[in-house]
Amino acid sequence: MKKSTAFLLAFACLLIGCFGSYVILTEFLPVSGPEAAQSVSEGLDEIYQYLNHEYYQEVDLGPINEGAYKGAVTALGDPYSEYMTKAEYEDMMVNESGDYSGIGVTVSIDVTTGYPYAVVVHKGAPAEKAGVQVGDIFMAMDGEPIDITKSLNQMAMELRGEEGSVVTVTVYRDGTTLDIPITRGHVVIDKVEYRLLEDGLGYIKITEFYGNVIEKINEASDYMEEH
Numbered sequence: 281m282k283k284s285t286a287f288l289l290a291f292a293c294l295l296i297g298c299f300g301s302y303v304i305l306t307e308f309l310p311v312s313g314p315e316a317a318q319s320v321s322e323g324l325d326e327i328y329q330y331l332n333h334e335y336y337q338e339v340d341l342g343p344i345n346e347g348a349y350k351g352a353v354t355a356l357g358d359p360y361s362e363y364m365t366k367a368e369y370e371d372m373m374v375n376e377s378g379d380y381s382g383i384g385v386t387v388s389i390d391v392t393t394g395y396p397y398a399v400v401v402h403k404g405a406p407a408e409k410a411g412v413q414v415g416d417i418f419m420a421m422d423g424e425p426i427d428i429t430k431s432l433n434q435m436a437m438e439l440r441g442e443e444g445s446v447v448t449v450t451v452y453r454d455g456t457t458l459d460i461p462i463t464r465g466h467v468v469i470d471k472v473e474y475r476l477l478e479d480g481l482g483y484i485k486i487t488e489f490y491g492n493v494i495e496k497i498n499e500a501s502d503y504m505e506e507h
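Following my numbering, the numbering of the sequence shown begins with 281 at its first residue and continues without gaps.
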């Protein structure tokens with residue numbers, strides 16, 4: 281067989297292989313309307329069957345399921361919507377408890393750049409001591425650009441770390457970039473601050489609406505009634 285003929289035959293086989301995979305996958309695309317959910321379920325089931333029978337190694341469907349769930353939510357293109365595994369959810373709850381090891385900032389997404397920025401720099405936290413200010417946009421950590429394709433929660437988690445570890449954050453502020461080394465520490469966030477003002481007025485400041493906020497508001501109310 282001539283070399284050119286052999287090459288064309290091999291190339292044709294490659295095309296057939298690629299095309300076959302393409303047809304299999306596109307058959308499972310969901311339709312619009314009330315049948316969409318059923319179509320997705322049936323499509324995923326067929327993909328799992330195909331992988332179980334045709335893949336050259338044993339398939340662990342656990343990570344595949346998690347990937348499918350994450351992909352469905354990620355396809356929304358909304359940084360505030362995220363599917364979390366059990367472990368990721370537990371990590372988030374530790375962060376939201378207001379008692380964790382990290383730098384002590386609350387972040388949100390800067391709509392212009394897509395990077396996280398400091399909404400709150402908590403009083404007495406490592407970030408405040410290092411010079412981080414409200415409005416600072418986090419561009420990089422230890423010289424590595426922050427991956428803005430990740431969810432807000434994932435980016436926030438990367439700012440956490442072992443107490444005593446040092447992270448250098450690159451922030452954008454007033455047209456310039458600054459490298460700020462921060463020694464992570466034990467962070468305890470007081471979500472509710474309160475005090476009595478003149479003329480019997482009470483002042484309550486709520487920074488975050490989760491965790492033990494209701495308990496702290498009741499505490500503030502009791503304090504003001506007693507004084």
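The beta carbon of each residue, even a glycine, is placed where N, CA and C say it ideally should be.
Query	Result
Cβ-based burial, I417 [other Cβ within 10 Å; buried from 16]	buried
V449 burial status per 10 Å Cβ neighbour count (16 or more: buried)	buried
Three-state class that DSSP yields for P425 in the structure shown	strand
For Y483 and K471, the rounded distance between their alpha carbons	14 Å
When D427, P406 and A348 are compared against V467, the one with the closest alpha-carbon	P406
Beta-carbon gap between V273 and V400 smaller than 8 Å	Beyond the ends of the chain as shown, which are 281 and 507, falls residue 273; an answer cannot be given.
Distance, D479 Cα to G441 Cα	45 Å
CA-to-CA distance, M437 to I469, given in whole angstroms	16 Å
Y397 burial status per 10 Å Cβ neighbour count (16 or more: buried)	buried
One or two residues paired with T448 in a DSSP bridge	P461
Three-state secondary structure assigned by DSSP to H466	strand
Candidates Y369, D325 and I383: closest to G404 by CA position	I383
Check whether L432 and S388 have beta carbons under 8 Å apart	yes
Contact check, H507 vs L477, beta carbons under 8 Å	no
Assigned exposure category for L356 - 16 Cβ within 10 Å defines buried	exposed
Candidates M419, N345, Y452 and Q434: closest to S361 by CA position	Q434
Rounded separation between I497 and V339 - CA only	51 Å
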